[in-house]
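Participant: The letter at position 72 of the sequence shown is residue 72 when you use the UniProt record's numbering, and the numbering goes up by one with no holes.
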Amino acid sequence: MVLAGNVSPIDVYSHLPGLCEDNEIPYCYVPSREQLGLAAGRLRPSIVVYIKPHADYQELYDEVRCSYRAHIFCCLAFCLFYGCLPSSTEFTWSLGLQALREISA
1 MVLAGNVSPI
11 DVYSHLPGLC
21 EDNEIPYCYV
31 PSREQLGLAA
41 GRLRPSIVVY
51 IKPHADYQEL
61 YDEVRCSYRA
71 HIFCCLAFCL
81 FYGCLPSSTE
91 FTWSLGLQAL
101 REISA
């Protein structure tokens with residue numbers, strides 16, 4: 001689950017991190033709901049994006065889900081995949097996957 005950091009009032013979704021931790025769902029924050037909406041392919045800002053398991057990326061999803069230490073890479077992988085990181089960023093999708101696998105080990 002990816003959560004936007006600039007939500008006001010925060011009570012709109014303040015219960016979600018606790019639910020994620022109770023159910024072992026990886027979650028992370030991105031700076032703005034506008035960026036999150038664009039990364040999710042929407043024209044409107046989004047405050048939460050849930051990444052559902054899918055056959056195309058099931059192995060990566062399982063790696064993230066099984067490693068509590070790698071929960072921040074859920075956000076990195078999402079941002080790399082959907083291109084919401086600045087173009088000056090030195091990361092690439094393959095580097096993100098490599099970092100995720102190293103952290104998960």
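Here a beta-carbon is modelled for each residue, glycine too, at the ideal position from N, C-alpha and C.
Please say whether Y27 and M1 have beta carbons closer to each other than 7 Å?
Facilitator: Cβ distance < 7 Å, so M1 and Y27 count as in contact.
Participant: What whole-angstrom Cβ distance do residue 113 and Y13 have, given they're in contact under 8 Å?
Facilitator: Examination of residue 113 is not possible in this model, given that the chain is present from 1 through 105 alone.
Participant: Helix, strand or coil: which one does DSSP assign to L3?
Facilitator: Of the three classes helix, strand and coil, the one that applies to L3 here is strand, per DSSP.
Participant: Please classify Y13: does DSSP put it in a helix, a strand, or coil?
Facilitator: It is coil, neither helix nor strand.
Participant: By DSSP, does E27 sit in helix, in strand, or in coil?
Facilitator: A small correction: the amino acid at residue 27 is Tyr; Glu does not occupy that position in the sequence shown. Three-state DSSP puts Y27 in coil, outside helix and strand.
Participant: Give the straight-line distance between the Cα atoms of N6 and L43, rounded to the nearest whole angstrom.
Facilitator: Distance between the alpha carbons of N6 and L43 is about 17 Å.
Participant: Does the distance from the C-beta atom of P45 to that of R33 stay below 7 Å?
Facilitator: The answer is yes: Cβ separation under 7 Å.
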